[in-house]
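Peer 1:
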Amino acid sequence: MSRNLKVAIIGAGMGGLSAASALRQRGIEVHVYERAMMLGEVGAGLQLGPNSYRVFRALGLEETFRQNAFEPINNVSLKWDDASVRFREPMRGPMIERFGAPYMTAHRGDLHRILRETLPEDTFHLGKICTGAENHGEAAVAHFADGTSVEADVIIGADGIRSAIRAQHFGADKPRWTEQMAWRCIVPVDCVPKAFGPNKTTSIARNEYFGWLGPDGHVICYPIGNGDMLNIFAGHVSIDWVEESWSAASTKEELIAGYAGWNEALLEIYSNVTHVFKWGIFDRDPVPEWQTGRICLLGDAAHPTMPTLAQGANMAIEDGWVLGHCLDNSRDDPGAGLRAFVRQRQPRTARVTLTSRQQFANNRMVPPPPPIDRSWIFDYDVTTEAA
Ligand SMILES: Cc1cc2nc3c(=O)[nH]c(=O)nc-3n(C[C@H](O)[C@H](O)[C@H](O)COP(=O)(O)OP(=O)(O)OC[C@H]3O[C@@H](n4cnc5c(N)ncnc54)[C@H](O)[C@@H]3O)c2cc1C
Numbered sequence: 004m005s006r007n008l009k010v011a012i013i014g015a016g017m018g019g020l021s022a023a024s025a026l027r028q029r030g031i032e033v034h035v036y037e038r039a040m041m042l043g044e045v046g047a048g049l050q051l052g053p054n055s056y057r058v059f060r061a062l063g064l065e066e067t068f069r070q071n072a073f074e075p076i077n078n079v080s081l082k083w084d085d086a087s088v089r090f091r092e093p094m095r096g097p098m099i100e101r102f103g104a105p106y107m108t109a110h111r112g113d114l115h116r117i118l119r120e121t122l123p124e125d126t127f128h129l130g131k132i133c134t135g136a137e138n139h140g141e142a143a144v145a146h147f148a149d150g151t152s153v154e155a156d157v158i159i160g161a162d163g164i165r166s167a168i169r170a171q172h173f174g175a176d177k178p179r180w181t182e183q184m185a186w187r188c189i190v191p192v193d194c195v196p197k198a199f200g201p202n203k204t205t206s207i208a209r210n211e212y213f214g215w216l217g218p219d220g221h222v223i224c225y226p227i228g229n230g231d232m233l234n235i236f237a238g239h240v241s242i243d244w245v246e247e248s249w250s251a252a253s254t255k256e257e258l259i260a261g262y263a264g265w266n267e268a269l270l271e272i273y274s275n276v277t278h279v280f281k282w283g284i285f286d287r288d289p290v291p292e293w294q295t296g297r298i299c300l301l302g303d304a305a306h307p308t309m310p311t312l313a314q315g316a317n318m319a320i321e322d323g324w325v326l327g328h329c330l331d332n333s334r335d336d337p338g339a340g341l342r343a344f345v346r347q348r349q350p351r352t353a354r355v356t357l358t359s360r361q362q363f364a365n366n367r368m369v370p371p372p373p374p375i376d377r378s379w380i381f382d383y384d385v386t387t388e389a390a
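The opening position of the sequence shown corresponds to residue 4 in my numbering, with each subsequent residue numbered one higher.
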């Protein structure tokens, strides 16, 4: 009989939680160590493609996920200045027909909770700041700033773009500044003007996903939760980002000033903002190796990606599923399981990272070309590919 494994995951983000949930589903003992004192996510939305929807389905969470997420009916692209419609394409029907799973939008906090609730409370160890990890023969040990350590068969660094485990084992190089920053905020859906644009001919239904594309920015708006709230991602080209931190409080006035000259309907939506944060967008060049012995990276720690294809968290969720599968299949040799995991995930995530950069470059062209086709991302069924 193959033996049971103990896995320690550093970081309770979307990647760490998906991995923990997938491992537990397979009966593997898992513990999650998080530096924050409370579990949660930033107050913003997330887009989830058919590819990560399939993971929620395989985790037995499809119904709960659907109850907490929104399925936009159309994708509408607007010109930044006059708000004329560049294109309006149906999402709801065609996504299911083509990919067998929907494209959904949700509040990050809801998704985080859904994954968290698959795990017993004693899985989580809070206020644990990981300072590094090392291989110890047939095991690995993670160390924490409070002087404690934990030994496990496998240590997973799911500790985000500035991963301590990555810096220790795979190079302490800094993330790459992408020349994009973004404001993120949530407003009531009802604040979208009823009719705007040329001769007031543009209108957006409450259940549509819509975006504005201009030469120095790109704004995406979509309903979340039960559809009453609208999540706004306001991307902006910015040569110099001087903040030390990569997320900081901002103001409505700063947001509005960043979009001077854009269509007044967008500025009217912005006038309803109460809380807004700004983020510097960073990524890293893809690297071939995320594993050393019994230690391995996952999610943004391994492959941080620009949000231009909205796939960073989707990739982290896919990673979690594949990790569960690979370690389950290799209980007697977890190092081999980790190697199989990296072999399967590295090429796909590298392609997503580089295509996300290309989409950002395309968005800056005048006029911008049509969006890059994402069907190769959505088509992929990680739950059967892994098998
Ligand atoms: C503006 C913006 C919009 C985005 N929109 C989308 C989208 O629509 N769709 C999508 O798929 N992706 C999107 N992304 C990308 C997505 O947010 C990330 O890819 C995803 O959150 C990565 O998850 P993760 O679990 O790997 O890392 P993180 O979410 O960064 O989680 C890392 C966790 O590790 C903890 N941690 C860090 N260091 C330590 C330590 N030393 N010790 C212990 N714990 C530690 C952190 O507190 C955190 O809880 C967006 C990103 C940005 C910036």
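Ideal placement from N, C-alpha and C gives every residue a C-beta, glycine not left out. Quick caveat, the model's predicted, so the values are computed rather than measured.
1) In the DSSP assignment, find the alpha helix (DSSP H) that holds TRP324 and state where it starts and stops.
2) Since PHE236 sits in a beta bridge, which residues does DSSP pair it with?
3) Whole-angstrom Cβ separation of TRP282 and ARG187, contact assumed at under 8 Å?
4) Quick one: does the C-beta of MET17 sit closer than 7 Å to a heavy atom of ligand 1?
5) I'd like the list of long-range same chain contacts for MET4, defined as Cβ closer than 6 Å, with 5 residues on each side in sequence excluded.
6) Look up HIS34 in the DSSP assignment and give the residues it is bridged to.
7) Using 7 Å as the cut-off, classify the Cβ of PHE173 as near or not near the heavy atoms of ligand 3, replying yes or no.
8) Check for me: the alpha helix (DSSP H) holding MET98 runs from which residue to which?
9) Quick check: is any heavy atom of ligand 1 less than 7 Å from the C-beta of GLU100?
10) DSSP state of PRO371, grouped into three classes?
11) Tell me LYS281's beta-bridge partners as DSSP assigns them.
12) Measuring straight from C-alpha to C-alpha, what distance separates ASN229 and ASN54?
13) Three Cβ pairs or more, each shorter than 8 Å: is that satisfied between the region 25-44 and the region 112-129?
14) For GLU120, tell me which candidate among VAL385, VAL192, GLN314, SER24 has the shortest Cα-Cα distance.
15) Per DSSP, what kind of secondary structure is TRP180 in: helix, strand or coil?
16) Are LEU216 and SER80 touching if we call contact CB-CB under 8 Å?
17) Only counting the same chain, and skipping five residues up and downstream in sequence, which positions put a Cβ closer than 6 Å to that of PRO374?
18) Would you call the CB atoms of ALA339 and GLY163 closer than 8 Å?
19) At the level of alpha carbons, what is the spacing between ARG69 and HIS139?
20) For PHE73 versus ALA109, is the C-beta distance shorter than 8 Å?
21) Following a CB-centred definition, is PHE236 positioned closer than 7 Å to any heavy atom of ligand 1?
22) To the nearest angstrom, report how far apart GLY220 and GLU257 are at their CA atoms.
23) Could you check where the alpha helix (DSSP H) with GLY388 kicks off and where it finishes?
Peer 2: On the basis of the data shown:
1) 315-331 is the extent of the alpha helix (DSSP H) around TRP324.
2) As computed with DSSP, PHE236 is found in a beta bridge with ARG187, ILE223.
3) Contact flag correct, Cβ pair sits at about 7 Å.
4) The answer is yes for MET17.
5) The predicted position of MET4 is uncertain, since its pLDDT is 45 and thus under 50; a value taken from the coordinates is nonetheless stated next. So no residue of the chain qualifies.
6) Per DSSP, ALA11.
7) Looking for ligand 3 in the displayed structure turns up nothing; the ligands present are ligand 1.
8) Where MET98 is concerned, the enclosing alpha helix (DSSP H) stretches over 95-102.
9) Taking non-hydrogen atoms of ligand 1 into account, the C-beta of GLU100 is found less than 7 Å away from none of them.
10) Per DSSP, reduced to three states, the secondary structure at PRO371 is coil, with no helix or strand assignment.
11) In the DSSP output, where bridge partners are listed per residue, LYS281 has TRP186, ALA251.
12) Cα-Cα distance, rounded: 22 Å.
13) Yes, they touch.
14) Here the closest residue by C-alpha is SER24.
15) For TRP180, the secondary structure class from DSSP, reduced to helix, strand or coil, is strand.
16) Yes, these two residues count as a Cβ contact at 8 Å.
17) Correct list: empty, nothing qualifies.
18) No.
19) Rounded to the nearest angstrom, the two C-alpha atoms are 43 Å apart.
20) Yes, these two residues count as a Cβ contact at 8 Å.
21) Answer for PHE236: yes, Cβ within range of ligand 1.
22) Looking at the backbone, the Cα of GLY220 and that of GLU257 are separated by about 15 Å.
23) Residue identity differs from the one stated: residue 388 is Glu in this sequence, not Gly. In the DSSP annotation of this structure, the continuous segment of the alpha helix (DSSP H) that includes GLU388 starts and ends at 385-388.
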